[in-house]
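Chains as they are written, first to last, in the numbering used here: chain A, 7 to 185; chain B, 24 to 202. Have a look at the structure below, then the notes.
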Amino acid sequence: MRGIVMRASGLLACIALIAGLIAAGALAQVSPTATDAAAARLSTARSTSEPPPASPLDARLKKLERELRCLVCQNQTLADSDAPLAADLRGEIRELAVAGKSDDDIRAFLTARYGDFVLYNPPVQANTWLLWFGPFVLLAAGMLVWWRMSRASGRVAADDPARPTADADASRGRALLER
Amino acid sequence: MKSAWKWSLPLAVFVALVIFLYVGLYRDPREVPSPLIGKPAPAFALRQLDTPQQTLGTADMHGKVWLLNVWASWCESCRIEHPLLVEMARQNMAPIIGLDYKDKDDLGKAWLAERGNPYAASVVDADGRVGIDWGVYGVPETFVIDKRGVIRYKQIGPVTAEALQRSIVPLIRELQKES
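This is how it looks when you write it as structure tokens:
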């Protein structure tokens, strides 16, 4: 009977761990930036097969545009989007760059107007702590519960008088086979 | 006591998960909160649609509670909100300035002639530059600006009767009382 309880608690620990992982995924859902950051990295990786840009400025702008979100078609980067606003913003970014603004200046220009949402790589700040660290906290909590429960069930099982011994198991097995 | 934990922890995780998913269900990812709310309205001085030799800008509106409505003749959902704006103008609550966004003058004028002109004046943002400064990413958008020239509200998408009743009209009344 106690063995069953222990097994059930082990199962619960597994459920807690899985629930933690799912919750981490749900967090990413609530703030889509985490998964999109991965998508942005993917698109960066894909881009290596494209022909090399013409000038250093072009290369710099392409790189910058790949980490900025188009607000009209929200799962595309400014580099990928065909939306008229994306074209306008690319023009604006180019002008700023030609005027000698740094990448950070350009990012600041856009976030002042459209918010942190335009950044595929969200900054680590008070309101994104949950996004950045929440999944790890949940994972750690799940692992802690799992560790504690597996340790507890191991310890109890060893000196549990109700637990069938190896001999008892073997004779029961024989009995079943001979039946 | 210990077994209470085993049950309550997964339950708590599950409940948290349900809350996250439930909230996520009702969030509109298309509505990007504007960082400009509570900030001074980005200055502009643009030529007027009806009298191209005259300009109108944010400086002219200082000391007034006013609305900036971003519209265009090519904008489908502007047709939905237009009758509400006409009605609002008739009630003379606050001057509405139209920002004719990336439009052709003659098309814009024809559009207003056909549907009624709720605007104290419309200004022409032919290349969408002022739109970018105001963080416009879709048309229509509507801003409420207070007497000190600070943006207090932004409606993304068409103004609805509900938004007027619940937010915009009460806000205008309140702002009119400010000095």
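Don't be surprised by glycine CBs; every beta carbon is placed ideally from N, CA and C.
The beta-carbon separation of residue 127 (chain A) and residue 73 (chain A), rounded to 6 Å, stays under the 8 Å limit for a contact.
Along the segment 145-158 of chain B, going in chain order, the ones with a CB nearer than 9 Å to a CB of chain A are 150, 151, 152, 154, 155, 156, 157, 158.
Under a 10 Å Cβ-count criterion, residue 150 (chain A) is classified as exposed, with fewer than 16 other Cβ atoms of the shown protein chains found around its own Cβ.
For residue 104 (chain B), same chain residues with a beta-carbon under 7 Å away, outside a window of 5 residues either side, are 163, 181, 182 in chain order. A Cβ of chain B is located within less than 8 Å of the beta carbon of residue 119 (chain A). A direct Cα-Cα distance of roughly 11 Å separates residue 61 (chain A) from residue 68 (chain A).
Of the candidates B:96, B:86, B:186, the residue whose Cα lies closest to the Cα of residue 201 (chain B) is B:86. Between residue 195 (chain B) and residue 116 (chain B), the beta carbon gap of about 5 Å places them in contact (Cβ cut-off 8 Å). Between residue 78 (chain A) and residue 92 (chain A), the C-beta gap is smaller than 8 Å, which places the two residues in contact.
For residue 93 (chain B), the enclosing beta strand (DSSP E) starts and ends at 89-94.
For residue 121 (chain B), the three-state secondary structure derived from DSSP is strand. Legend: CB atoms of the segment 74-92 of chain A lying less than 8 Å from CB atoms of chain B belong to residues 77, 78, 80, 90, 91. Residue pairing by DSSP places residue 166 (chain B) opposite B:91, B:177 in a beta bridge. Within the segment 64-94 of chain A, complete beta strand (DSSP E) segments of at least 3 residues are not found at all.
Using a 10 angstroms sphere on the CB of residue 94 (chain B), the tally of other CB atoms reaches 16 or more, which defines it as buried. The beta carbons of residue 149 (chain B) and residue 125 (chain B) sit closer together than 8 Å. As for any beta strand (DSSP E) of minimum length 3 sitting wholly inside the segment 127-151 of chain A, there is none. By the neighbour-count criterion, in which a residue is buried when 16 or more other Cβ atoms sit within 10 angstroms of its Cβ, residue 42 (chain B) is exposed. A distance below 6 Å between beta-carbons, with the five flanking residues on each side excluded, links residue 70 (chain B) to the following residues of its chain, in chain order: 78, 147. In summary, residue 180 (chain A) is exposed, with fewer than 16 beta-carbon neighbours lying within 10 Å of its beta-carbon over all protein chains present. Distances from the alpha-carbon of residue 128 (chain B) to those of B:73, B:33, B:155, B:178 put B:73 closest. Secondary structure note for residue 109 (chain B): its alpha helix (DSSP H) is the uninterrupted segment 99-113. Counting only Cβ-Cβ distances below 7 Å, residue 123 (chain A) has contacts in chain B at 55, in chain order. In the three-state scheme derived from DSSP, where H, G and I count as helix and E and B as strand, residue 171 (chain A) is classed as coil. Per DSSP, residue 154 (chain B) has no beta bridge partner at all. Nearest in C-alpha terms to residue 170 (chain B), of all of B:62, B:100, B:157, B:187, is B:62.
Relative to the Cα of residue 199 (chain B), the nearest Cα in the group B:179, B:188, B:167, B:178 belongs to B:167. Listed along the chain, the chain A residues whose CB falls inside 8 Å of the CB of residue 160 (chain B) are 77, 78, 91, 120. Interface criterion not met: the Cβ of residue 187 (chain B) is under 8 Å from no Cβ in chain A. Using a Cβ-Cβ cut-off of 8 Å, residue 137 (chain A) does not count as an interface residue toward chain B, since no Cβ of chain B sits closer than that to its own. DSSP places residue 183 (chain B) in no beta strand (DSSP E); its state is neither H nor E.
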